[in-house]
Structure formats: C-alpha cells, structure tokens
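J.: Numbering (this note's numbering), first residue to last: 3 to 716. We treat Cβ as the ideally placed atom computed from N, Cα and C, and that holds for glycine. Note that the coordinates shown come from a computational prediction; the quantities given were computed from them, not determined experimentally.
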C-alpha cells in the first residue's frame, strides 16, 4: 500500500494539496495505511477524494479525462499515469508513467503491451474534494441515484397517482362495455345517465391527477437539472486554462447537454416507467377477460416494440451519418457570411455557391434517408396495431359464438390492448435513445473528470511583484518546447520589456507569470514564495494581463470597466481611463460609457478595444500589469501617449511589456531577450547592444524599419 499511497500523494500535490512524501511514509509505518478504507480516510482528511475502479486498456486510450491517475500493478507496486500517447507516424502507443520510488520525476514512456501485461486493471482516480457531495461523486448513471433518493416520497406519491390514473383510465372502457351489453339491450336510460355522470367525473379526476403527476415529474427533473447544471458549470470554471485548448463548442455541448438529460429523465425514464405501471393494472384485467386475447395483445406488443426498436436503431445511425454533412453545410454558410468581404474581394461567389449547393444537396439526401426510416417505423407500428385489432375482433367473435365472451367485452379488450401496447413499445424503443444519452454523458464526463486547477494553500496577501525564475521550462506535448531553462529576476515596480523573434516564448513567459500556465520544469517564486503555493484566485486579482485579442462581457462599457474591481469609485475609473488614453477616444463613441458591446466589442475599432482592455486592467489596480503585444494595433499617436504614461503606471506597480517595437523600450529598467525559448540576454538597452547578439540584430532591424541613422529612436 505504500507505493499506492505515495503515487496518490504525487497526484494530490499536483492538485495543490500539501502532502509530503515523508509524512505519508510515517503514516504507513504507523500502520494507518494498511487497506483501501484507511487510504480513503487518510486522504479524505487532507481534502482528497480517491476512487478505486476497474478499467480496461481501451479506457486509457479513449478516456483522456482519467489522467493523471494511479495504476495498481500486479507486483503490488503503483505508477502515476500522466497520459496516453500515439504520435503521427508512430506504430506503437505508449503510456507516460512516473514511478514515485524513482527520484527522477521525468515521465517514462512505457510500451502499451508491456504495461498491460504488468497492470492489474485497477486504477485509483484522485480528485480534490469540493465540499459538495454531488460534485465529489464520480459522474455516471449512478450519480443520479442519490439525487432521485432525495425525492423518494415524491416518487412514491407519483407511483400511487399513476396507479390511480390507470384505474381511472379503465372507467371509459367499462363504460362502453356496460353501455353495449346492458344499456342497449335493455334500453336502460336511467342507468345510462348514471354511467355518463360517473365516467365524466372519472375523466375530470383523471385530467387533474394527470396534471399533478406531470407537475411532480417536472419538479424532480428540474431540481436534478438545476443541481447538475450548476455543478457542470463549477467544474468548467475549476479547470485550468490549459484545459480550454480544445474547441469551446465541447464545453458548450457539455453545459447544454444537461437539458438533454433532463428531457430523457422526465420523458423517457420517469414518464415511461410510471406509464409502464399500467401493465400492473391492465394485464390482469386483460387475462381476466380472456387468456387467449391477452396472449394475442402481449405478442403484438412485443412484436411492435422490437420492430420499432430495429427501425429506430437504423434511424439513429442515419442521423449520426447526417451529422457531419449538416456540419459541413453550416461551415460553408458560416464561412461565407463571416468572410463576405474576402468572398467579394476575391470574387469567390461562384466557388461558394457551388460549395453550398453541393453540401445542401448532400444534407437533403441524408435527411430524406432518415425520413424514409422514420416513415417506415410509423407505418409498420400502425400496421401491427391494425392487425392486432383485426386479430382481437376475429378471435373475440369466435369466443362470442362459443359463449365465452360478450360483444362489449370484445370492444373492451381492443381498447385495453392499445393501453398495453403503448408502454411496452415505448420501453423497448427507449433502448435506441440511449445512444444520444451516452454521447451527452461522455461530453459531461470529459468536463466532470477533468483535472481541476490546483489551489494554493498560502495566505492571501498583497504582492510586490518580485519574481525569481530558476531554470523554468515549458513544453507543450512531446515536441513543442516554448521555454528552456530560463533563469532571471524581475524587480518590483519596474518597467520590464520582453522581446524576441516570433515563437521565442514571450507570451508563454507572461502566462506563467500570471499563473495561467504551470511550468513543466524549474521553479517560479513571487516575493520569495513558490508560485505553486500561492492562492491563485487572490493572486490573479493582483496580476492583470492585456493581450492583443481582448475579450469582454456583453453589456455597457461602464459595466465592463467596473467588473474589474468591486466598489470602484468614479475618480479611480477616470484615472484608469486617463492613463490608458481611453478618455481621448471616449467622446467619439456613441453613447459613451453607456454604449453596449458584445463579447468581442465588435462595434469598436481595434484601437478602441485595446485601450478599453487596458483601462479595465488598470481599473483593477493590479500590483503587476502584463501587456502581451497589447499596443500593436493601437494608432501611433495614442500608442505614444500610452507609452509615455507607462512611467506613471509603474509608480506603484510593475509592468511587463511584450513588444516588437524595440525603439519604444530603450529607457526601460530591464529588457529580457528570448529566442527559441532560450534566454539570450537580460539587462538595459546599452548593455544588451554590447553583449547580446540577438538584441543587437533586432535593434538593427528596427533602425532599418524606422529609417534611423543614429543610435537612438526618432
């Protein structure tokens, strides 16, 4: 168990939990980590949730959200699994694994067949406890059981109401039977009046109780949806920024898929389950009328259900095949509309027209193929129901001739048959609906099981902005090296510039300083404390970053600016706008601060967007301001004004500026030069000209671009 505990500790420390290996070893030596139960209790006290589960090799390949996890080996050892890799051109897949007993933390690549041979097919999933039982549970079909148990008394009430509804549904049937067998034969009009009043009252109560039942089902489904929707959104917010590299539509599908689950829960599961209880009432009555007719009804019910299932499976497959075709058609339309300027400039109308007609024709054919199956399903089900009616009537007449059944009973059995067939067909056909549900569940599971952003345990405090980087490295995947062994110091309240050719790692460095990326090697300290121990939420409130593609929130400009800090005063807002030069452009914006913008501020020019983003960052009063090529699209006059204001901005904060405009940073306190992820130089302008070849080369390029002939910027 020691190897398992140490491996869990490795993953837990990645999540921000303070669980030193020596502490785990002491606990093990004391005999407190002897079995799985003690492991759960020990790590639960540290705020870590662990789950033992069986898995297959295919799960490691298809379910990326399992990583990082702990694999239990056959020889009682354990490995930390970091990922499953199969690069382009590689014939064999590998597992990235870390041995907690090995002092070298570098992941080793294990061949999948060799790993599977030694693996016990058991995993330990490690996650940070949130304090919410629903979020701490593993997501799957079993997740819904505790949620439904919360409403056990309501579910019991729905069951009783459903049984009562089925009894009331039998009243019109018995009304018709008595009317045909008794009233018509004896002309008992008084009996007909009593029966009519009774059946009308029964139908009235049936409608009322039916509404109550549907309301209770909607209440339960709505409560489950509210819990799941909130938890999924919390899970999305808890993911690190590196987890958002995939398409945003994946997260949107996961969040919106909760509505699909609600519909399935209310209509398919609860609704059809309680409809199925009709069989408890109707089948005994059907058999009591006639065993022969009862068997005929059940046979047709099963046949209709199987036929509907087979056709729905085919229909679902055709819907799935049509998905990429519809997506292709939407892509052509979206590209044409969003790039209409390019289409018209390059005279691409004929090409886009051909592409649209081709994709539209394919989509229409796919839709026709789906509707063919849907139509066939409807007509086959209708045919079987009609044949069942004929079979009931013919058999019933023979039984009538034999004196075993009355004429009214034949009609009653026929009506009961429809009541029996419908829920049976629906329950069998529900199997075909599971494919869509499984897809939605997988989308949510990708988010739910994703490794959350680590949480620092340090005490929140005001930072000064003194950074020390020691051998910092950042790799993206196996082949992309963004930073390599960068060692430098950034003093607080300084104007620092980061320059270098394209792909030098400048933006990566700023994202590490902001805490949005965790370095894959080396150490980062802020004000003498390791950044990994700092409370990230509090830290990011003090470190603002402005990029060249700022994002906003739908609303007014004033609302966006005030989002940066609660209780922002008007004076502080005006100061932030003045330093960012946003006050210079504000008069030219219709409605001024009251102007509405969307998430991209598409109604504003690129210059206005950048200045607004800078004003918002300054409104938050950050201790460190990071500018990632934030002034590249700003007009020259306004850019010069902002650069002249940098000294005022740096009065009580540090500024780190990524720029390609070398001429504007000659008076900066510190200039960091990067190339291909390596630190090439670190110092002031004059020092770097003499000592750093990369900086001197960039300076010469700058002089040629600006037409300079001397040694200073014009």
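With distances taken Cα to Cα, identify the nearest neighbour of residue 567 among 623, 590, 495, 454.
T.: Stepping through the chain shown from its first residue, residue 567 is reached at position 565. Selected option, being the one with the closest Cα: 623.
J.: Measure the Cβ-Cβ separation of residue 446 and residue 234 and say whether it is below 8 angstroms.
T.: Here residue 446 is taken as the residue at index 444 of the chain shown, counted from 1. Here residue 234 is taken as the residue at index 232 of the chain shown, counted from 1. Yes; because the gap between Cβ atoms is below 8 angstroms, this pair is in contact.
J.: Does the region 101-117 come close enough to the region 151-166 that 3 or more CB-CB pairs lie under 8 angstroms?
T.: Under the Cβ criterion (8 angstroms, minimum of three pairs), the region 151-166 does not count as touching the region 101-117.
J.: Is the beta carbon of residue 587 sitting closer than 8 angstroms to the one on residue 612?
T.: Numbered from 1 along the chain shown, position 585 holds the residue referred to as residue 587. Numbered from 1 along the chain shown, position 610 holds the residue referred to as residue 612. Taking 8 angstroms as the Cβ cut-off, residue 587 and residue 612 do not qualify as a contacting pair.
J.: Is residue 37 buried or exposed, if buried means 16 or more other CB atoms sit within 10 Å of its CB?
T.: The sequence position of residue 37 within the chain shown is 35, counting from 1. Counting Cβ neighbours within 10 Å, residue 37 comes out exposed, since fewer than 16 surround it.
J.: Check whether the Cβ atoms of residue 74 and residue 85 lie closer than 8 angstroms to each other.
T.: Taking the first residue of the chain shown as 1, we reach residue 74 at position 72. Taking the first residue of the chain shown as 1, we reach residue 85 at position 83. No, they are not a contact pair.
J.: Would you mind giving the Cβ-Cβ distance between residue 231 and residue 310, rounded to the nearest angstrom? I have them listed as a contact below 8 angstroms.
T.: Position 229 of the chain shown holds residue 231. Position 308 of the chain shown holds residue 310. So it is not a contact: roughly 32 angstroms between Cβ atoms.
J.: Identify, in the order they occur along the chain, each residue of the same chain with its Cβ nearer than 6 angstroms to the Cβ of residue 277, setting aside the five sequence neighbours on each side.
T.: Residue mapping note: residue 277 aligns to position 275 of the chain shown, counting from 1. Excluding residues within five positions, the ones whose Cβ falls inside 6 angstroms are 425.
J.: What number of angstroms, rounded off, separates the C-alpha of residue 692 from the C-alpha of residue 702?
T.: Here residue 692 refers to the residue found at position 690 when the chain shown is read from its first residue. Here residue 702 refers to the residue found at position 700 when the chain shown is read from its first residue. For the pair residue 692 and residue 702, the Cα-to-Cα distance works out to about 13 angstroms.
J.: Fully enclosed by the region 657-712, which alpha helix (DSSP H) runs are 4 residues long or longer?
T.: 687-693, 695-708
J.: Is it buried or exposed, residue 46, if we count other Cβ atoms within 10 angstroms and call 16 or more buried?
T.: Numbered from 1 along the chain shown, position 44 holds the residue referred to as residue 46. Per the 10 Å Cβ criterion, exposed.
J.: From 492, 297, 589, pick the residue whose C-alpha is nearest to that of residue 657; which is it?
T.: Counted from its first residue, the chain shown places residue 657 at position 655. Taking only the C-alpha atoms, the option nearest residue 657 is 492.
J.: My output table needs one value for residue 557: the three-state DSSP class, helix, strand or coil.
T.: What you label residue 557 is simply residue 555 of the chain shown in a count that begins at 1. Correct three-state label for residue 557: strand.
J.: Starting from residue 551, trace the alpha helix (DSSP H) both ways and give me its first and last residue.
T.: Your numbering for residue 551 matches position 549 in the chain shown. Unbroken run through residue 551: none, as it is neither H nor E.
J.: Please confirm whether residue 591 and residue 554 have their CB atoms less than 8 angstroms apart.
T.: For the purposes of this step, residue 591 is taken as residue 589 along the chain shown, with counting starting at 1. For the purposes of this step, residue 554 is taken as residue 552 along the chain shown, with counting starting at 1. No, they are not a contact pair.
J.: With distances taken between CB atoms, is the gap from residue 1 to residue 131 smaller than 8 angstroms?
T.: Limits of the chain in this structure are 3 at one end and 716 at the other, which puts residue 1 out of reach.
J.: Tell me whether residue 386 sits in a helix, a strand or coil according to DSSP, three-state version.
T.: Counted from its first residue, the chain shown places residue 386 at position 384. Residue 386 falls in the helix class under three-state DSSP.
J.: For residue 631, which residues of its own chain have a beta-carbon under 6 angstroms away from its beta-carbon, when the five flanking residues on both sides are left out?
T.: The residue you call residue 631 lines up with position 629 of the chain shown. Correct list, in chain order: 550, 660.
J.: Using the Cα positions of residue 9 and residue 306, report the straight-line distance between them to the nearest angstrom.
T.: Here residue 9 corresponds to residue number 7 of the chain shown, with the count starting at 1. Here residue 306 corresponds to residue number 304 of the chain shown, with the count starting at 1. Cα to Cα, residue 9 sits roughly 54 angstroms from residue 306.
J.: Note down the Cα distance separating residue 544 from residue 100, rounded to an integer number of angstroms.
T.: Against the chain shown, residue 544 aligns to sequence position 542. Against the chain shown, residue 100 aligns to sequence position 98. Computed Cα separation, rounded: 35 angstroms.
J.: In this structure, how does DSSP classify residue 326 when only helix, strand and coil are distinguished?
T.: One-based indexing of the chain shown puts residue 326 at position 324. Residue state, collapsed to three classes: helix.
J.: So does the region 407-426 actually touch the region 279-287, counting three or more Cβ pairs closer than 8 angstroms?
T.: yes
J.: Determine contact between the region 251-262 and the region 361-368, defined as no fewer than three beta-carbon pairs at a distance below 8 angstroms.
T.: no
J.: Pick from 682, 674, 665, 683: whose alpha carbon is nearest that of residue 705?
T.: Residue 705 sits at position 703 when you count from the first residue of the chain shown. Nearest of 682, 674, 665, 683 to residue 705, Cα basis: 665.
J.: Mind checking which residues open and close the beta strand (DSSP E) that includes residue 630?
T.: Numbered from 1 along the chain shown, position 628 holds the residue referred to as residue 630. Per DSSP, the continuous beta strand (DSSP E) segment holding residue 630 begins and ends at 626-630.
J.: Tell me where the beta strand (DSSP E) around residue 185 begins and ends.
T.: In the chain shown, residue 185 corresponds to position 183, counting from 1. Looking at the DSSP string, residue 185 is not in any beta strand (DSSP E), and its letter there is neither H nor E.
J.: Please check the pair residue 59 and residue 241, which I expect to be a contact at CB under 8 angstroms, by giving their CB distance rounded to whole angstroms.
T.: By 1-based counting over the chain shown, the position of residue 59 is 57. By 1-based counting over the chain shown, the position of residue 241 is 239. Actually they do not touch by this definition, with Cβ atoms about 26 angstroms apart.
J.: DSSP on residue 463, reduced to helix/strand/coil?
T.: Position 461 of the chain shown holds residue 463. Correct three-state label for residue 463: coil.
J.: Got a sec? Which residues, its chain only, sit under 6 angstroms from residue 2 by beta carbon, not counting five neighbours each side?
T.: Since the first and last residues shown for the chain are 3 and 716, residue 2 lies out of range.
J.: By the three-class DSSP mapping on this structure, what secondary structure does residue 647 have?
T.: One-based indexing of the chain shown puts residue 647 at position 645. Residue 647 falls in the helix class under three-state DSSP.
J.: Grouping DSSP H, G and I as helix and E and B as strand, with all else coil, what is residue 281?
T.: Taking the first residue of the chain shown as 1, we reach residue 281 at position 279. Residue state, collapsed to three classes: helix.
J.: Tell whether a beta-carbon distance below 8 angstroms holds between residue 673 and residue 690.
T.: Translated into positions along the chain shown, residue 673 becomes position 671. Translated into positions along the chain shown, residue 690 becomes position 688. A contact, by the Cβ cut-off of 8 angstroms.
J.: Should the region 198-206 be regarded as contacting the region 218-227, the criterion being three or more beta carbon pairs within less than 8 angstroms?
T.: no
J.: Decide if residue 266 is buried, meaning its Cβ has at least 16 other Cβ atoms within 10 Å, or exposed.
T.: For the purposes of this step, residue 266 is taken as the residue at position 264 of the chain shown. With 16 or more Cβ atoms within 10 Å of its Cβ, residue 266 is classed as buried.
J.: Hey, how far is the Cα of residue 11 from the Cα of residue 538?
T.: If you number the chain shown from 1, residue 11 lands on position 9. If you number the chain shown from 1, residue 538 lands on position 536. Roughly 21 angstroms between the two C-alpha positions.
J.: Does DSSP classify residue 2 as helix, strand or coil?
T.: The shown model of the chain, from 3 to 716, leaves out residue 2, and the question about it has no answer.
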